[in-house]
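So in my numbering, spot 108 of the sequence shown is number 108, and the numbers just go up one at a time.
C-beta atoms are modelled at their ideal positions from N, C-alpha and C, and glycine is treated no differently.
The structure presented is a predicted model; accordingly, all values stated were derived computationally and were not measured.
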Amino acid sequence: MGCPQPLTCNDPTQMRQNLDRLLDHVSTGCSECGACVRGCAFLQQYGNPAQLARRLQQGDDPRLAATLAFSCSLCGLCDALCPERLSLSALFLQLRRAVVIDQPQILRRFRGLRSYENLGTSKRFTWHALPEGCQMVFFPGCALAGNRPATVWQLYEQLRRQQPTLGLVLDCCTKPSHDLGDQQRFSQRFGQLRDLLQAGGVTTVLTACPNCYEVFRRYGNGLQCHSVYEELAQQPATLPVPPATVTPALTVTIHDPCVNRQALPVQQAVRQLLEQRGLKIEEMRNSGRTTLCCGEGGCVMATAPQLALKWRDRRAEQAQDRPLVTYCAGCMEFLRPVSNCCHVLDVLLQPTAALDGSLKPVPSLLRYKNRLSLKRRARHQILAPNAQERPMSEPATRPASAATGRQKLMRLAVLALLIGSIVALRASGLLDQFDPQQLRATITGYGLWAPLIFMLLYSLAPVFFLPGLPLTMLGGILFGPVWGVVYTLTGATAGASLAFLVARYLGRDWIATKLTGERWQKLDADVARQGWKMVAFTRLIPLFPFNLLNYAFGLTNIRFSHYVLTSAVCMAPATVAYIALSSSFTDLLRGTLTTELLVGLVLLVLLALLPLGWKKWQARRQSHP
Numbered sequence: 001m002g003c004p005q006p007l008t009c010n011d012p013t014q015m016r017q018n019l020d021r022l023l024d025h026v027s028t029g030c031s032e033c034g035a036c037v038r039g040c041a042f043l044q045q046y047g048n049p050a051q052l053a054r055r056l057q058q059g060d061d062p063r064l065a066a067t068l069a070f071s072c073s074l075c076g077l078c079d080a081l082c083p084e085r086l087s088l089s090a091l092f093l094q095l096r097r098a099v100v101i102d103q104p105q106i107l108r109r110f111r112g113l114r115s116y117e118n119l120g121t122s123k124r125f126t127w128h129a130l131p132e133g134c135q136m137v138f139f140p141g142c143a144l145a146g147n148r149p150a151t152v153w154q155l156y157e158q159l160r161r162q163q164p165t166l167g168l169v170l171d172c173c174t175k176p177s178h179d180l181g182d183q184q185r186f187s188q189r190f191g192q193l194r195d196l197l198q199a200g201g202v203t204t205v206l207t208a209c210p211n212c213y214e215v216f217r218r219y220g221n222g223l224q225c226h227s228v229y230e231e232l233a234q235q236p237a238t239l240p241v242p243p244a245t246v247t248p249a250l251t252v253t254i255h256d257p258c259v260n261r262q263a264l265p266v267q268q269a270v271r272q273l274l275e276q277r278g279l280k281i282e283e284m285r286n287s288g289r290t291t292l293c294c295g296e297g298g299c300v301m302a303t304a305p306q307l308a309l310k311w312r313d314r315r316a317e318q319a320q321d322r323p324l325v326t327y328c329a330g331c332m333e334f335l336r337p338v339s340n341c342c343h344v345l346d347v348l349l350q351p352t353a354a355l356d357g358s359l360k361p362v363p364s365l366l367r368y369k370n371r372l373s374l375k376r377r378a379r380h381q382i383l384a385p386n387a388q389e390r391p392m393s394e395p396a397t398r399p400a401s402a403a404t405g406r407q408k409l410m411r412l413a414v415l416a417l418l419i420g421s422i423v424a425l426r427a428s429g430l431l432d433q434f435d436p437q438q439l440r441a442t443i444t445g446y447g448l449w450a451p452l453i454f455m456l457l458y459s460l461a462p463v464f465f466l467p468g469l470p471l472t473m474l475g476g477i478l479f480g481p482v483w484g485v486v487y488t489l490t491g492a493t494a495g496a497s498l499a500f501l502v503a504r505y506l507g508r509d510w511i512a513t514k515l516t517g518e519r520w521q522k523l524d525a526d527v528a529r530q531g532w533k534m535v536a537f538t539r540l541i542p543l544f545p546f547n548l549l550n551y552a553f554g555l556t557n558i559r560f561s562h563y564v565l566t567s568a569v570c571m572a573p574a575t576v577a578y579i580a581l582s583s584s585f586t587d588l589l590r591g592t593l594t595t596e597l598l599v600g601l602v603l604l605v606l607l608a609l610l611p612l613g614w615k616k617w618q619a620r621r622q623s624h625p
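This is how it looks when you write it as structure tokens:
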């Protein structure tokens, strides 16, 4: 007996009713045979479906629902193994939707992923190029466009030779919101995408991403969806012959993305394409319908990293050191650290580099640049009168929380206190008694103890996650613009080095569980390829929290000496800027502009403009190789 699919409505009452219906169905329909438990690390830890359903129905522990909902990867392996044909993944997806309604704050754990989706659906990153008479579009998705923009463009041009009116749509299907259970946001954003395509006359979507394939297939509402691999397998002449061919005797194995476990035509098409290149395929124990999740599914890495890493390790073990070919760019990125994993399009277009492991995923920050470059290319080279960016999406409405209101009031209170303190100091005359030169003379009277204590405190701050900016400002006030820079930079470098060593040699396992999520995984992969350059980039352009970044680098394979030297050099500009400002702070309160203040302001402006300049330089480098 099949389990009913979850409703896709946005009404909270109906969602909860649907969850109750699914729980009742599973608690009474599960025979507790253990078939699904034997194959799933999540169920092995928490119990069989019937036990979980009964515990959720009892409702004794309010935290249980959130724990179970976001520890399941939604991979659907239990659905494939269940002799009763229960759709347990539908239950856990509906459980997530109910948890998000009752506990919306839980989505804060996934800020990085949600920001990634926000960019993917923004006007800056989207482009819908629909030529005259266009009824079919190529929808490559976010990950492939970021990792392999040249491949996306080459594939589009080849497909367009067979279908001259083929369009190209650079956008995000919003699968992250779907899997997080944020049904309101998913319905609004994917619904907008679907409506835009249909309004442009589109009837068929060709996808390269398995997640996009499933979203369009399930929620397209009239849009036909096909995988680009099916198209290529049906028309092998469409695919260009690579300059170098692989040895026919080479054996590979295939990782089917779990989201496509029921997509038999897609699985067959990928195998057909590889065999046409002369490759021998050996299937893993779990493939096709019973494939395993790579570990990234369901965003579990952010909430239960130990479960996610178990899936990844099991997949690498089954690969048995054979080249692992997949047709999901996300799976490729996640499996790459533990296996020689490559994308099927890389194998088809660059077989030698793909299969010997030299063709690697692109560093995370460069993927955004690649997507912008691909958009620029599409704008200039596709003649499409109906081309447009996605209109600004209205944010999904949620009731304002009391916590948000309190935060705003707190910020206003702090600002008012700061302004009031400055006014009071000037009115009372106490500010005139505060002479920085006299204070520094007093500090000098303590000899070496004052700077040593200051540097010791600064070196301990990163280890205990204490903010460094207040200490930096204090250094400028106490020691002046010259020695303040020396002491602050020395203390900051020592603190960053100490946190690095703690992460590498003392608390590696514990810290690894704290540094989870997509952006930390990408940082690890980027450092493996870029080394000290990634340290320099993140120090100059602070896209990551400073204290966490110190620990994160300790978990990578970068050399300690490279890390220390690069950190010291690249932290210097910001240190000089803040010290220059703070050393002239009291003069500013008196209404006096000093040279140090101007130097600090100029440096801060230059540092703020650095990310923009870097993006422009990268774009110019890409357009003029």
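{"Item": "Let me confirm a value: Thr635 is counted as buried when at least 16 other C-beta atoms fall within 10 Å, else exposed. Which label applies?", "Value": "In the structure displayed, the chain extends from 1 to 625; residue 635 sits before or after that span and is not available."}
{"Item": "How about the region 158-176 and the region 94-102: do they share at least three Cβ pairs that are nearer than 8 Å?", "Value": "no"}
{"Item": "For Leu374, collect the residues of the same chain with a Cβ closer than 7 Å to its Cβ; drop the 5 residues on either side in sequence, then sort them by chain order.", "Value": "Ala145, Pro149, Val152, Trp153, Leu170"}
{"Item": "On a Cα-Cα basis, can you pick out the residue from Leu273, Thr253, Val259 that is closest to Arg285?", "Value": "Thr253"}
{"Item": "List the endpoints of the continuous alpha helix (DSSP H) containing Val502.", "Value": "Val502 -> no alpha helix (DSSP H), and no H or E assigned at all."}
{"Item": "Below 6 Å CB to CB, which residues in the same chain sit around Glu214 once its five sequence neighbours on both sides are set aside?", "Value": "Val259"}
{"Item": "Roughly how many angstroms lie between the CA atoms of Gly59 and Leu52, to the nearest whole one?", "Value": "11 Å"}
{"Item": "Within the continuous beta strand (DSSP E) that includes Gly447, where are the two ends?", "Value": "Neither: Gly447 is in no beta strand (DSSP E) and is coded neither H nor E."}
{"Item": "Report the option in Leu91, Arg108, Leu603 whose CA atom is closest to the CA atom of Arg16.", "Value": "Leu91"}
{"Item": "Per DSSP, which one or two residues make a beta bridge with Ser227?", "Value": "Thr207"}
{"Item": "If we ignore side chains and look at the alpha-carbon of each, how far apart do Gly222 and Val270 end up?", "Value": "26 Å"}
{"Item": "Rounding to the nearest angstrom, what Cα-Cα distance links Phe138 and Cys40 in this structure?", "Value": "35 Å"}
{"Item": "Quick one: measure Cβ to Cβ for Gln135 and Gly201, integer angstroms, because I've assumed they're closer than 8 Å.", "Value": "6 Å"}
{"Item": "Alpha carbon to alpha carbon, how far is Ser497 from Ile453? Give it in angstroms, no decimals.", "Value": "18 Å"}
{"Item": "Just to check, is the beta-carbon of Cys30 closer than 8 Å to a non-hydrogen atom of the ligand ADP?", "Value": "With respect to small molecules bound, the structure shown includes none, and the ligand ADP cannot be examined in it."}
{"Item": "What does the Cβ neighbour count give for Phe560, buried or exposed, with the cut at 16 atoms within 10 Å?", "Value": "exposed"}
{"Item": "For the beta strand (DSSP E) containing Thr121, name the first residue and the last one.", "Value": "Per DSSP, Thr121 belongs to no beta strand (DSSP E) and is neither H nor E."}
{"Item": "Using only alpha-carbon positions, find the residue among Phe70, Ser31, Ser227 that is nearest to Phe42.", "Value": "Phe70"}
{"Item": "Which residues share a DSSP beta bridge with Leu255?", "Value": "A quick correction: the sequence has His, not Leu, at residue 255. Paired residues: Thr326."}
{"Item": "To test your reading of the DSSP string, which unbroken beta strand (DSSP E) runs of 3 or more residues are found completely within the region 153-219?", "Value": "167-170, 204-207"}
{"Item": "Compare the C-alpha of Cys36 against each of Arg217, Ala572, Pro49 and name the closest.", "Value": "Pro49"}
{"Item": "Quick one: residues in its chain with C-beta nearer than 8 Å to the C-beta of Asp11, no 5 flanking neighbours on either side, listed in chain order?", "Value": "none"}
{"Item": "Which one or two residues does DSSP pair with Phe479 in a beta bridge?", "Value": "Per DSSP, none; premise fails for Phe479."}
{"Item": "Can you tell me which residues form a DSSP beta bridge with Val605?", "Value": "Val605 pairs with nothing; no bridge assigned."}
{"Item": "Does DSSP put Thr397 in a helix, in a strand, or in coil?", "Value": "Unreliable positioning characterises Thr397 in this predicted model, as indicated by a pLDDT of 45, which lies under 50. The coordinate reading is nonetheless provided below. It is coil, neither helix nor strand."}
{"Item": "In terms of DSSP beta bridges, what is Phe138 paired with?", "Value": "Leu168, Leu206"}
{"Item": "Could you pull out every residue in the same chain whose Cβ sits closer than 7 Å to the Cβ of Ala319, ignoring the five residues on either side in sequence?", "Value": "Thr253, Met284, Ser339"}
{"Item": "Got a sec? Which residues, its chain only, sit under 7 Å from Asp256 by beta carbon, not counting five neighbours each side?", "Value": "Gln267, Ser287, Gly288, Thr291"}
{"Item": "Counting only the same chain and skipping the five closest in sequence on each side, list residues whose C-beta sits under 6 Å from that of Leu345.", "Value": "Thr151"}
{"Item": "How many angstroms separate the CA atom of Arg111 from the CA atom of Trp532?", "Value": "27 Å"}
{"Item": "Would you mind working out which of Asn386, Cys33, Arg312, Ala499 sits nearest Arg85, comparing C-alpha positions?", "Value": "Cys33"}
{"Item": "Just curious, the alpha helix (DSSP H) that Cys36 is in, first and last residue?", "Value": "35-39"}
{"Item": "What are the boundary residues of the beta strand (DSSP E) that Cys341 is part of?", "Value": "341-343"}
{"Item": "Taking 9 Å as the cut-off, decide whether the C-beta atoms of Cys294 and Gly330 are in contact.", "Value": "yes"}
{"Item": "Can you find the residues in the same chain that come closer than 8 Å, C-beta to C-beta, to Ile106, ignoring five residues on each side of it along the sequence?", "Value": "Ala66, Phe70, Val99, Val100"}
{"Item": "What are the start and end residues of the beta strand (DSSP E) that includes Ala80?", "Value": "No beta strand (DSSP E) holds Ala80; the alpha helix (DSSP H) holding it covers 77-81."}
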